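Step one of this worksheet: look at the structure below.
2 protein chains.
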Amino acid sequence: MTPPRSYRQAGVDIAAKEGMLARVRERIRSTFTPAVLGDVGHFGGVVELPALEQGALVCSIDGVGTKTKVAAMAGRGWEVIGHDAVAHGLNDIAVQGARPLCFLDYLGTARLEPEVFAAVLAGMCEACRRYGVALIGGETAEMPGVYGEGELDVVGCAIGVVERSRLVSGQAVRPGDVLLGLQAEGLHTNGYTLARAVLLQQPGDVHRAEPLLGGRTRAEALLAPHRCYAPALLELFERLGGEITAAAHITGGGIPGNLVRVLPEGCRAVVRRCWQPPPIFELLRTLGELDDDEMARTFNLGIGMVVIVRPEAAAAACELLAARGERALVIGEITAGERGVELRAGGPPLAPASG
Amino acid sequence: MTPPRSYRQAGVDIAAKEGMLARVRERIRSTFTPAVLGDVGHFGGVVELPALEQGALVCSIDGVGTKTKVAAMAGRGWEVIGHDAVAHGLNDIAVQGARPLCFLDYLGTARLEPEVFAAVLAGMCEACRRYGVALIGGETAEMPGVYGEGELDVVGCAIGVVERSRLVSGQAVRPGDVLLGLQAEGLHTNGYTLARAVLLQQPGDVHRAEPLLGGRTRAEALLAPHRCYAPALLELFERLGGEITAAAHITGGGIPGNLVRVLPEGCRAVVRRCWQPPPIFELLRTLGELDDDEMARTFNLGIGMVVIVRPEAAAAACELLAARGERALVIGEITAGERGVELRAGGPPLAPASG
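Protein sequences appear in the order of chains D and S. With the first letter of the first sequence counted as 1, position 250 gets the number 250 in the working numbering; the numbers rise by one all the way through. With the first letter of the second sequence counted as 1, position 269 gets the number 624 in the working numbering; the numbers rise by one all the way through.
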């Protein structure tokens, strides 16, 4: 094999990448908040820090997982992928009380496809504008040989700020606190490797309309956006302050794997499966013959966020959340016991005791 | 094909991942500066902001590129890969004057290999400790099907702070300013797709000892670490203040592609190729039959950082850099003209005019 005489021949086209970047530059600028200093294209993105007594920075990095493969199979939904990277990151920092300040993205791929790149960026920028966070940096890496042909990884880093005194860590959680479950849209961005293995085995499966999904296709259900709870959550912290003792973003590991992260020693979360998960989970359970435990440790089961609240504030919290467009249910409580999460069989939804 | 009955059977082993994370937890904690609040495993990493009059946050995200493939071929060098992610990120924010505060990593792979994961993390943590930056967050994603078998992408996000009044943007650059080139160790983390195509075509090439490399193997030269200029650069800004008008981290796009990013309108950088690039570049040029232009737009050519300085401060800057272990050369100057970078043929190294 003749070795390539140029970087482009070797598979990395810097000019094409710069052209693509030039086309999305205006879109990126549209996310700029007044705090942004400088412009697109510097070595680092720069944003002014808000005036805080004693500020803390809260940061999270994560990818959207193999939901990208569903978009590739369906030939659509790339805007959702971009949106999801933002929603996931903002949820991760909002649970600790942090207001989003800026966001950075990383796209890794074998070879950049201009339409896919533009659609992912469009979804990301639209989400950044909606949630008031500036997209101040990013990198798009072409790595043929590392990524499979046509594959894409979408990673986001969310950065926010909070007064140190208002940082939410879960240390105030105590027995008697109530668990509120906030409804999810679907799988969000977790469990896709298993979901694809179950639902997308044959070519054409992705476009299959499912009676169980009310006639929607598998792709439509799998490409439902990752819900961003940050605005509602931040308002909750703002309005109810210390009455909200913790929040857990339900991602990989499901309710047990994530809720445990905010529990102090001696606190046990007892969750009653009293809600109706979206039908995509029933489809997965049935077609995949997955047992309850596997389902609960892999998927969010329709609860994308758990908020822990003092019992006397539960009703007010549910009201506030409802006013913000979030459907919240009492799904359990904190008991004294070994630190951990216990999922119990269902029953009808619980009403919050009026405060 | 029978669908998998579990997330693990589908290729994602959460328990194995948690086990690996538990083994590196102490190492990650060893990077914690006094500013870190909280511990490993929260949704977001938390770090206290330093007291600043009017602070700005500077952030950069980037990957180490396909240098990972060289490490995979050589069966070693994973610590360097981890180190490089940190060095690259800190260089990117230091050019704007920002002191590093925290770092987050993202590792994407088909299937986690415990030894590789541990070595990358070890290199990353060692670099974080050395440069005084806390590793406060990270994600390791197993995505079989997105990544090729045995492949790994290593991404880092560096976050730093600077007083807004001390932010370095290049706006103060003017004709007459001098360009100092800081010596690189090798390719750093750019141009590996082309370098691999030229140097690693046959199995065994990676271990080939090269007379031109002084008997070192190709792997040894290709796995030289990405030099971290941040400590020296920050001292330069601290000590010489406004005399240092800009700095450019030489990454993808080479000297022309990066130096231009810090030039204001009406400023033209004229670079004289008066330095001796490390021999790996000569090997690449010869074996790859690459022309000068291609070389200059793909590789750093042995200059990892360009610092722009007022002529009267050039000698003092070189001295300070030397005291910090950096070899700096005058490689050109800023002239009045169309905004851009011009590379001219060599000549002997220039001495800085004594200040």
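We put the CB at the ideal spot given by N, CA and C, even for glycine. This structure is a prediction, so every number in the text was calculated from the model and none was measured.
Do residue j and residue i have their beta-carbon atoms positioned less than 8 Å apart in this structure?
| i | j | result |
| --- | --- | --- |
| Gly108 (chain D) | Gly418 (chain S) | yes |
| Arg519 (chain S) | Glu48 (chain D) | yes |
| Leu194 (chain D) | Pro359 (chain S) | yes |
| Val154 (chain D) | Val120 (chain D) | yes |
| Phe458 (chain S) | Val441 (chain S) | yes |
| Gly181 (chain D) | Leu329 (chain D) | yes |
| Ala671 (chain S) | Leu534 (chain S) | no |
| Gly55 (chain D) | Cys414 (chain S) | no |
| Leu112 (chain D) | Met124 (chain D) | no |
| Ala94 (chain D) | Ala313 (chain D) | no |
| Ser169 (chain D) | Gly393 (chain S) | yes |
| Gly444 (chain S) | Ala513 (chain S) | yes |
| Lys424 (chain S) | Gly145 (chain D) | yes |
| Leu57 (chain D) | Val161 (chain D) | yes |
| Val626 (chain S) | Ile689 (chain S) | no |
| Cys622 (chain S) | Gly702 (chain S) | no |
| Thr186 (chain D) | Ala221 (chain D) | According to the sequence as given, residue 186 (chain D) is Gly; it is not Thr. Yes, the Cβ-Cβ distance between Gly186 (chain D) and Ala221 (chain D) is below 8 Å. |
| Val206 (chain D) | Arg216 (chain D) | no |
| Glu590 (chain S) | Arg652 (chain S) | no |
| Met428 (chain S) | Leu555 (chain S) | yes |
So residue i contacts chain S; which residues on that side make the cut at Cβ distance below 8 Å?
| i | result |
| --- | --- |
| Ile136 (chain D) | Cys414 |
| Gly108 (chain D) | Gly418, Gly463, Asp508 and Val510 |
| Leu33 (chain D) | Residue identity differs from the one stated: residue 33 (chain D) is Thr in this sequence, not Leu. None at all; the shortest Cβ gap to chain S is about 12 Å. |
List the residues of chain D whose Cβ lies closer than 8 Å to the Cβ of residue i, in chain order.
| i | result |
| --- | --- |
| Pro519 (chain S) | Going by the sequence as given, residue 519 (chain S) is Arg instead of Pro. Leu37 and Glu48, listed in chain order. |
| Tyr362 (chain S) | Gly191, Thr193, Leu194, Glu294, Arg297 and Thr298 |
| Ile448 (chain S) | Phe43 and Gly44 |
| Leu638 (chain S) | Chain D residues near Leu638 (chain S): none, gap ~12 Å exceeds 8 Å. |
| Leu407 (chain S) | Leu49 |
| Thr572 (chain S) | Per Cβ cutoff of 8 Å: no residues; Thr572 (chain S) is ~19 Å from chain D at best. |
Report the neighbours of residue i on chain S: residues whose CB is nearer than 7 Å to its CB, in chain order.
| i | result |
| --- | --- |
| Asp62 (chain D) | Glu494 |
| Cys157 (chain D) | Ile416, Leu459 and Cys512 |
| Pro277 (chain D) | Result: empty, since nearest Cβ-Cβ is about 17 Å, beyond 7 Å. |
| Pro396 (chain D) | Summary: the structure shown does not reach residue 396 (chain D), with chain D confined to residues 1 through 355, and so no result is reported for it. |
By the criterion of Cβ-Cβ separation under 7 Å, what are the contact partners of residue i in chain D?
| i | result |
| --- | --- |
| Gly366 (chain S) | Thr193 |
| Lys424 (chain S) | Gly145 and Val146 |
| Ala453 (chain S) | Gly44 |
| Thr421 (chain S) | Met143, Gly145 and Val146 |
Which chain D residues sit within Cβ distance under 9 Å of residue i?
| i | result |
| --- | --- |
| Cys457 (chain S) | Leu57 and Cys59 |
| Ile369 (chain S) | Gly252, Gly253, Gly257, Arg297 and Thr298 |
| Leu522 (chain S) | Leu37, Gly38 and Val46 |
Along chain S, which residues have their Cβ under 9 Å away from the Cβ of residue i?
| i | result |
| --- | --- |
| Cys267 (chain D) | Within chain S, no residue comes near Cys267 (chain D); the closest Cβ sits about 16 Å away, beyond 9 Å. |
With hydrogens ignored, establish whether the beta-carbon of residue i is closer than 7 Å to any heavy atom of the ligand MN.
| i | result |
| --- | --- |
| Gln538 (chain S) | This structure does not include the ligand MN; it has no bound ligands of any sort. |
Task: At least 3 beta-carbon pairs within less than 8 Å: the segment 246–254 of chain D vs the segment 303–321 of chain D - done: Yes: the two stretches touch, three or more of their Cβ pairs being nearer than 8 Å.
- [ ] Within the segment 448–508 of chain S, note down every full alpha helix (DSSP H) run reaching 4 residues or more, in order along the chain.
- [x] Every alpha helix (DSSP H) stretch that sits fully inside the segment 448–508 of chain S and reaches 4 residues is listed by chain position as 469–486.
Open item on the list: Check whether the segment 607–616 of chain S and the segment 692–701 of chain S touch, using three or more Cβ-Cβ pairs below 8 Å as the test.
Closed with: Counting C-beta pairs closer than 8 Å gives three or more between the segment 607–616 of chain S and the segment 692–701 of chain S, which meets the contact rule.
Open item on the list: Using a Cβ-Cβ cutoff of 9 Å, what residues of the segment 593–618 of chain S are near chain D? List them in chain order.
Closed with: Taking 9 Å as the Cβ-Cβ cut-off against chain D, the residues of the segment 593–618 of chain S that qualify are Ala602, Ala603, His604, Thr606, Gly607, Gly608, Gly612, Asn613, Arg616 and Val617.
- [ ] Could you tell me whether the segment 93–111 of chain D touches the segment 135–142 of chain D, using the rule of 3 or more Cβ pairs below 8 Å?
- [x] The segment 93–111 of chain D vs the segment 135–142 of chain D: in contact.
Task: Ordered list of beta strand (DSSP E) runs contained in the segment 262–308 of chain D, each at least 3 residues - done: Counting whole runs of 3 or more residues, the segment 262–308 of chain D contains the beta strand (DSSP E) stretches 267–272.
Task: Runs of beta strand (DSSP E) wholly within the segment 158–242 of chain D (minimum 3 residues, chain order) - done: Runs of the beta strand (DSSP E) inside the segment 158–242 of chain D: 178–183.
Open item on the list: Check whether the segment 4–18 of chain D and the segment 533–550 of chain S touch, using three or more Cβ-Cβ pairs below 8 Å as the test.
Closed with: The segment 4–18 of chain D makes contact with the segment 533–550 of chain S; the number of CB pairs closer than 8 Å reaches 3 or more.
TODO: Would you list, in chain order, the members of the segment 180–213 of chain D that have their beta-carbon closer than 7 Å to a beta-carbon of chain S?
DONE: With the criterion set as a beta carbon lying under 7 Å from some beta carbon of chain S, the members of the segment 180–213 of chain D are Gly191, Thr193, Leu194, Ala197, Val198 and Gln201, in sequence order.
Open item on the list: Taking contact to mean 3 or more Cβ pairs, one atom from each stretch, closer than 8 Å, check whether the segment 206–214 of chain D and the segment 278–285 of chain D are in contact.
Closed with: Inter-segment contact for the segment 206–214 of chain D and the segment 278–285 of chain D is present: three or more beta-carbon pairs are separated by less than 8 Å.
Open item on the list: Give the list of continuous beta strand (DSSP E) stretches no shorter than 3 residues that lie fully inside the segment 393–437 of chain S.
Closed with: As far as the segment 393–437 of chain S is concerned, its whole beta strand (DSSP E) runs of at least 3 residues are 400–403 and 410–418.
Open item on the list: Check whether the segment 224–235 of chain D and the segment 76–86 of chain D touch, using three or more Cβ-Cβ pairs below 8 Å as the test.
Closed with: Touching, yes.
Open item on the list: Against chain S, which members of the segment 71–85 of chain D pass a CB distance test of less than 8 Å?
Closed with: Those residues of the segment 71–85 of chain D placed with their C-beta closer than 8 Å to a C-beta in chain S do not exist.
- [ ] Check whether the segment 262–282 of chain D touches the segment 145–152 of chain D, counting contact only when three or more Cβ pairs, one atom from each stretch, lie closer than 8 Å.
- [x] Because the criterion of three Cβ pairs below 8 Å is not met, the segment 262–282 of chain D and the segment 145–152 of chain D do not touch.
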